[in-house]
Every structure is written in C-alpha cells, then in structure tokens.
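Protein chains in written order, with my numbering: chain A, 1 to 468; chain B, 469 to 967. Notes follow once the structure below has been shown.
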Amino acid sequence: MAYGPHTPDDRAAMRKAIGVASTDELFADIPAAMRASELRLPPPESEAELASRLSRLADRNRVDLVSFLGAGAYRHFVPAVVDQLLLRGEFYTAYTPYQPEISQGTLQTIYEYQSMIGELTGMDVVSASHYDGATAAAEGALMTCRATRRERVLVSRGVHPHYRQTLCTYFGGADLVADEIPLVAEGPASGTTDLVALERMLADPERPVAGVVVANPSFLGLLEPMAQAGRLAHAAGALFVAVVEPVSLAVIASPAAYGADIACGEGQPLGIPLSYGGPYLGILACREPLVRQIPGRLVGMTTDIDGRRAFVMTLRAREQDIRREKAASNICTNQALCALAASIYLGAIGPHGLRDVAAMGAARAAALEVALAEAGAPRLHPGPYLNEFAVRVPDAAEVHRRLLGRGVLGGLVLATVEPDDPSLADALLVCATEVTTLDEIEVFASALRDEIERGRQLGLPGIAEASR
Amino acid sequence: MTAAGDRLGPTLFERSHAGRGGGKVPHPPKDALARIPADQLRADGPHLPEVAEPELTRHYVNLSQLNYSIDTGFYPLGSCTMKWNPKVNEWAARLNGFASLHPFAPDELAQGTLQLLWELEQALAEIGGMRAVTLQPAAGAQGELTGILMVRAYHRSRGDMDRTEVLVPDSAHGTNPATASMAGFKTVSIPSAPDGGVDIAAFRATLGPHTAAVMITNPSTLGLFESRIGELLEAVHAVGALAYMDGANLNAIMGRFKPGEAGFDVMHINVHKTFSTPHGGGGPGAGPVGVGEKLLPFLPSPRVLREADGRFRLERPGERPDSIGRVRSFVGNSGVLVRAYAYIRAHGAAGLREVSDDAVLAANYLKSQLAGVLDVPFSRHCMHEFVASGASLKAETGIRTLDVAKRLIDLGYHPPTIYFPLTVEEALLIEPTETESLETLDGFVAAMRTIVEEAHSDPELLHSAPHSSPVRRLDETTAARQPNLRWKGMTGEQTPCPD
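The following block contains the structure:
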C-alpha cells in the first residue's frame, strides 16, 4: 500500500492478538451472496509515475490564454504568503474543532474570518463558511422563510444563474416558492432589477413574500438600486438579501449601509484559486436578530476556567448533530480552509491593498470598455458597473470561438448560461481585474476588431443585421 | 474583552498598526472610481487589520501550533477517518493547469480536468458498484441532499406522491434526519437491536406505502457491518421505496462490498474520509453521489460526458430535462477531487482493498487491546471503528467519558469522538485508520490504561484535565448566552487611516 506503515509481520501480530487466522474472518458479517465482484481499476502507481501522470493531465488544460472571463469566479493576484501558510499541516490536516483546547488555532482564525467579513459586509454575524456563493444564497433565502414563516421569495434575474438554479433546487426540496424578478428591458436602467415589477410582486396579499434577493454587482456586472429594493422589501414585511462580491466591498456600499438583513456571496476572489469551480467559499452573514436562523458553524470568544481568552464553537443548538431533523440546515463540513485562505489574503493585502485591487479592476475595466467599443463591441447596458460588463458582439459564440484560436479567452458567451433570454443572444460578459494589463486589453480589442470585420466581409447573418 | 493568555496571541485586529503592510499590488489611478455614482460608493473603508508580512506570518504560524492535527499526532476521531493526507496530493492540486483553470473555460481548454473528473467518476462507480456518479456535491451532507432530492424526483416522476417519510436508524449521523427535512420529508427513527444492527421487526412495522427511502449507514456508526442487509434491502424494495446508503464508512469495505451491487439505489461518498483529502479544519470536502439505473435520469446537471471521439465535455443547460438541477455553482470541488483521484491512482484495486483490510485490522487490534480497559459493548468483529463505553468507569469512579477525553489531550492524543452514537452510554467512537503504526496504537492503549488507573487513584486530575493544552476547559455557557462573534474593538493606532 502506498501510505500505510504495516509490514506483513505487523499484520500477523495484529491477527494473532485479535485471534483470527486471516483478515477475511473479520469480514464474516458480509453475507456470502453480497460479497463484491472483483474490483477493476487501473494499476497502482508509484509517486514518481503518479506525479508524471498528473503533470500531463494538468498540462492538457489551457490556462495560458489572455483571459477576460469572470462571471462569478475571478482571477486575482494572490500574495505568496497565503499558500505558504495554508500549507501548514496543523491547519489543513486538523478537523472541525470539536476539542477546543487543542483547536485554538483553527477557532481563532475562524473568529478572525468572521470579524473580517463582518467589517466588509457590516453584518453582526458571519457563519464560519458555506460551500460556495450559490449555496450561501440558497441558505440565505431559506433563512428568510424561517424567520418570517412565509413561503415565497423573490429573486432578481440579475443574480448569477447558477445561484438561481441552486436556490430553485433547494426551494423545490423544501416545498417553497422562488419567483424571478425581471430586469428592466430598456432605458437608462436596462439590465438592472425592475423595481416596478418588484413592487407589484410584493403587493400580492395572497402570496406574502419572505425575502427579496438582489445581487450587487449583478451577474451582468451592473450596480443595482439596492437601497430602493431593500426599502420595498421591508415595506412589505420581507427581509432583504444582498448577494455581494467581497473585493468590491472595499469600495462600494456595504450591505449594512443599504439596509440588507442578510449578505451572502462567493468568497473565491479573496485569495482562492479558480480550480475549475471549487473548492470556493460561501459567505453568509446576517444582522444580530437573525442569529438563531443562520445555518452553519459559528465561533465565539469566551474564557477558559483560568479566565484566559479562548474561542469555541457556539450556538450549536442550530446544528444537525444536536437538533437532527429540526436543524437549521444539514451542513456539517464547511469550507474552513478556504475561509482561512481568505483571512490570510485579507491580512496580507490589507484594507488599502483591497481598495487598490477593487479600484484597479475598475480602472482596467473602463479601459476595456473603451477599447472594445472602438473595436465594434459596445456595452449592452448603459448603467454604472464596477469591473465587469456585457458587450454586444454580432455572432458572439462564433467570434468567441475564433478568439480562442488567437490566444484570447474573450469572456463568457452569455447565451450559454442564459439561453432563454433573447436580449443576451449576441453578447459577451467580460471582466477586468488588477491583473489585467493594458497590453492584454489591446490584444483582445485588436483580435475582436479583426473577427468582427471578418464576419462582416463574409456577410454572416448576425453581423449583417447588426451593421444595418 | 479579556486579555489573551500566555499561549494565545492577540487577534490580528489587535496587532494592527495604521500604515503597516502593503506593497502587494500596484496603486490604481486616483480617478479610478470617479465614474461610479457617489451613492454606490462606500463611505468609510473597511476596518481590516494592517500588519507587515513578518508579523502576519508569525501570527498564523503561532496559531497553527495551537492545533492538534494528523501531521502532528494520532487522531482516532471515530466517524471522521483521520487518515494520512498524502503530500503529493497537495502538490498535484496546486499544479498551475489545475489551479488556474476558470470554471467557465470552454471544454476545449479544460480537457485535462474533464478527463480527470470523468475517470474519477468511473473509478468511484466501480468502487461503489453504481451505474454512474456525480461529482457536483460540495460535501457529504450536500451529497445526501442530492441523493434524497433524486429519490423525491423519482417517486414524483412515477406519479407516486404519497411517499412522505424517510426512515433513519437511531444510530445515524445527524445529517441524515436533517437532510430528510431539507428535502421535504418527515424523518421516522428506527430503533437499534441489541446487537447494534437495525431492529428488523420495528423496521418492517415502519415500512409502508408512505416510505420514500431508507437511509442506512453501512458499516453503521457503531462500526458494525449490517449482517441482515439482504433482508433489509428486500423489504425496502418490496414496498416500492428506495435504499439510500450513507457511504461515510466506505473506507472499511472497498473491494469487499459494493453497495450498488448489493441493491442500494443511491450512495454518497465522503472523499475526505475514504479518499484521504484533507479535512482542512472543517472543510472543504466533496460528496460524490453514485446512483443505480433508477435514478440515472435525475442526476444533477451538468454531468461530465465523453464523446465518441474521446473528447470530454460538460452537459449543456437543459440537455437532460429530468435532472434535479444544480445543487451548487459550477461543476464541483474540482481541486479536492484532484486529490481523491491521485489517491485512487496511487493505490489501484489491490491497494484500496488493502486500505480497507488494514483499517479493519487496526480497529479490531485496538479493540482487542482496549477490551480489558474500558467497556466494549459489541463483542463481534468491528469494521474500521468500534465503540467503547465509559459506563462502568463512571459507575466505579464518577469519571465521565468527557474527563477521559480531556485527559487524553494531556497525554498527547486527540480524543476519540465522544457521546456519539447517541445509542451508547458514555460512548467513545474510536477509529485508528490504516495509516497508524503498531507502535502508535500500542502507545494509545498504554495511555488509556494510565487514565483508567488515574480515574481510581487521582480522579481530580481527570476532572480538571486538560492541564497541558494551550487553554483549559472553556466557558461554553457564557459563549452561548452572550455571544461575541466578531471583533469590534479596533481603536487608536490599530484603526486604518482613511485612503
């Protein structure tokens, strides 16, 4: 075996002590008729062979393209200290701090994580983490139903499609209703949450609303009228859930500032690698009155019997191992190591560094907007954005595919994730962060200009139509 | 706020000093945010700590040293499988090709990861005897939810709307009943028989046309293989219900028992238990779910597919209309799954079988050595873990299992899981795993003997244990009554200056 210490002599000694002649005897409880057929797997590999196989697989992925892809997962610079500290075996090979006396490292770092996210969101209570932004949003929406004893939430179509789909899966399971708030179709607010529709949906006396869920920035990158949406929700007795992006909170208004009751979001931008979708970090936070509704672990400060400061998991009566079928959620394992990565990242980058990251992304995005517009791909929506926006590109899917051949990953073809929305049929969602360079923007814009021109000369239908 | 003790340093907030740190990223132009409307901007920057890199590093390294971990010692935490986490797996997950791949990267850029995920699905399906596997769930508990939502979708697809109950043995993990509730089902608890298995008579009496599924942990949380499993599965299917296997303890039976082959319809797998991915202080994990033929159409979307030409791709939205949908964003915890894949490839079939054999051998050895020290309520051979009980010790000396656990800390061990399963008085659930040497196991037995002797000779030593840990027993009551859940005390020089 690859990692075990047992020699044949060790095994013989153990069998002798147990009083069995063979290990097979220990499995006598498995009924004969149910014993496994032969296990068929590829042969074992030495570490050298395995390392070579894994390197080859990793190399089959293409991560060398100039990328403008965001859409819920973002490229950022991660200071070297983050991974160096994460590799401390005392952190990553420990488990849930059930024995607080020998888990103060994990417990204090979680408390500090809760505190840092509390600072960013302005919320009083931060859970010790959820799986990702999507499940955090679903759990946040479920909290509103428990708190208000109502069974319907309204979710803006500006929330990430994966979050909406996950929320629907969770709500379907719980026999609760999630209705979609449409986006404004045209005018200066186009692409943002339709407040008129929201007000109308909230007014239905037969179907009272537990919570209203809006993302800021939205999936399309737009800054939303959060304060107004929150006021409408509260006027109808509903709670207001903000889906946020943590780096943006260094510069844009915090959920507390616009009156949100619950904040949730994806913590990946805080020093966590893209890793094809996970492990990421579900941020879930709330105001103090909702503390007993929040699912997931919470760490509190207390003292030991000698009066020294110490940390411990607390308010455990909400959790599955205590409350079983009456628990706030079935969540057990969370994303503690990712929460630690986020804390170290925030500690390393600091408050001014985080503002620089957010503001530099905004500056690069503004340069990208200008360059793409000049290349023939204007913005789809007029409203303010931070560092991500949609552009109209004739035959977006084909152009996007051809850009790959030129070494450019030109954002996300919106039709692939929102196939039912005709307004997004020929559009790319593009983003810039502090790692985007002006040279990269020029490479993208120039390649895009060529491809749009090429399509026009070939008379591709989408492009011909767009040029009319 | 209390002062930090001698071993616990100040929080990062207390270490903050305005003007320290920085230099990680370039400064943006001054007018970078000028185009954003003022009412969307944050009035006052977040009060995050400002520390320089040396102090930051010492803060976290010193904190890490307050933790007990597999890398530092024996961690026989039953039901959690604290086995060795191979270092090559950490290296592999950090390869740039894996770590820097964006989840929305087009399939043609993601062939390496897609191939790895597809091969991992095949391997897990083979190990579990299942028809297919989804890797999407982010943790075991989410795998449970995924499985039970598929059960629900299956019954509904047949117009069978009256199945409102999920049966769960009383020894089950708390996640089972919590999952049933999240999926809209009522939990019905089934009592255990005296031998630790399911009480068959009570089980049959509970089964009926309202039963949607039965969730069985096998081996059970008592570390026992359910020897009447054939009878149980037959009874479940006879009433039209489905059999859910909680695969938390799959690490005991690889190559010996394939749940899908035996008749289970669905099973989740905790990769941080069976397949050595690190526990990370409480995550991240991953909770792949295997299904048989009946649940195939309902698997979450997207699945990883292999085309006829050998290329891999993700399923497109809406491609499989009966899917229960998404249970999270993107494709899954790919970075964790790289580690699980590496573990399986390192072992192969014979190696995985040996993993289970050695885990079971070590547990039975430890049980045989502790049999004269503590009560061992179930005498039959155990699987990968076993339950001991401090009931007699408590009756004789007044020392509770909690005291034994805390004293183990002084002697250099992480305590076993205590007071679980709920069905055994003063329980200690002990799981040595296959990666601990005979010397380590013997050392643990000697420590337990010492503690039992101390319980008779010096009980106060145990009541007040631990004595050597960074902090001593905690005031959990005050923590819950007056929760202090975040630092709000940055003052003076600690507070960052405005930009």
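Idealized CB from N, CA, C, for every residue including glycine. This structure is a prediction, so every number in the text was calculated from the model and none was measured.
Counting along the chain, the unbroken alpha helix (DSSP H) around A/D450 starts and ends at L438 to L458. Listed in chain order, the alpha helix (DSSP H) runs fully inside the stretch 551-591 of chain B are 555-561 and 564-567, counting runs of at least 4 residues. Closer than 9 Å at the C-beta level to chain A, one finds these residues of the stretch 501-514 of chain B: L501, R503, I504, P505, D507, Q508, L509, R510, A511, G513 and P514. Taking all protein chains shown into account, A/C168 has 16 or more neighbouring C-beta atoms within 10 Å of its C-beta and is therefore buried.
Counting along the chain, the unbroken alpha helix (DSSP H) around B/G819 starts and ends at S802 to L838. Given a length threshold of 4 residues, each whole run of the alpha helix (DSSP H) inside the stretch 179-224 of chain A is given here in chain order: 195-202.
Under the rule that a run must span 4 or more residues, the alpha helix (DSSP H) segments found entirely inside the stretch 68-136 of chain A read 80-86, 89-92 and 104-121. Taking 3 residues as the minimum length, the beta strand (DSSP E) runs contained wholly in the stretch 306-341 of chain A are 309-313, in order along the chain. For B/H740, at least one C-beta of chain A is nearer than 8 Å to its own C-beta.
Among the residues facing chain A, B/E558 is included, as its CB has a counterpart in that chain under 8 Å away.
Contact note: B/Y833 reaches chain A through A13, M14, R15, A17 and I18, using a C-beta cutoff of 9 Å and chain order.
Listed by position along chain A, the residues whose Cβ is nearer than 8 Å to that of B/L563 are L54, S55 and A58. For A/G271, no chain B residue has a C-beta closer than 9 Å to its own C-beta; the minimum C-beta separation is roughly 11 Å. Between B/N717 and B/T745, the C-beta gap is not smaller than 8 Å, which leaves the two residues out of contact. When A/C145, A/R231, A/R35 and A/L222 are compared, the shortest CA-CA separation from A/S329 is found for A/C145. For A/G259, none of the residues of chain B pass the 8 Å Cβ criterion, the least Cβ distance being about 13 Å. Collapsing the DSSP output to three states places A/A253 in coil. Apart from sequence neighbours up to five positions away, the residues of its chain that approach A/L315 with a beta-carbon distance below 8 Å are V291, R292, L298 and G300, ordered along the chain. A/Q293 has a beta carbon lying at 8 Å or more from every beta carbon in chain B. B/I616 and B/T632 have their C-alpha atoms spaced approximately 12 Å apart. For B/H485, same chain residues with a beta-carbon under 8 Å away, outside a window of 5 residues either side, are E518, V519, E961 and Q962 in chain order.
In the DSSP assignment, A/P161 falls within the unbroken alpha helix (DSSP H) covering P161 to G173.
Collapsing the DSSP output to three states places B/N644 in a helix.
For the stretch 62-81 of chain A, the set of residues with a beta-carbon nearer than 8 Å to any beta-carbon of chain B comprises R62, V63, L65, S67, L69, A71, G72, A73, R75, F77, P79 and V81, in chain order. Ranked by Cα distance from A/G211, the options A/L222, A/Q104, A/L232 and A/L220 are led by A/L232. Its chain contains L617, M618, A621, F766 and P768 as the residues whose beta carbon lies nearer than 6 Å to that of B/I792, once the 5 sequence neighbours on both sides are disregarded; these appear in chain order. Along the stretch 780-795 of chain B, the positions whose C-beta sits under 9 Å from a C-beta of chain A are R784, P785, G786, I792, G793, R794 and V795, read in chain order.
Under DSSP, B/P637 forms a beta bridge with B/I658. B/S802 and A/A425 have their alpha carbons spaced roughly 30 Å apart. The C-alpha of B/A915 is placed about 38 Å away from the C-alpha of B/L592. Residue environment for B/L588: buried (at least 16 other C-beta atoms within 10 angstroms of its C-beta).
Contact with chain A is absent for B/L710, since none of that chain's Cβ atoms lies less than 8 Å from the residue's Cβ.
Look at B/L942: its C-beta is under 8 Å from a C-beta on chain A. Apart from the 5 residues on each side of it in sequence, B/T946 has no Cβ closer than 7 Å to any other Cβ in its chain.
In the three-state reduction of the DSSP assignment, A/S275 falls in the helix class, which pools H, G and I. The beta carbon of B/A578 lies closer than 7 Å to those of L569 in the same chain, with the five residues before and after it left out.
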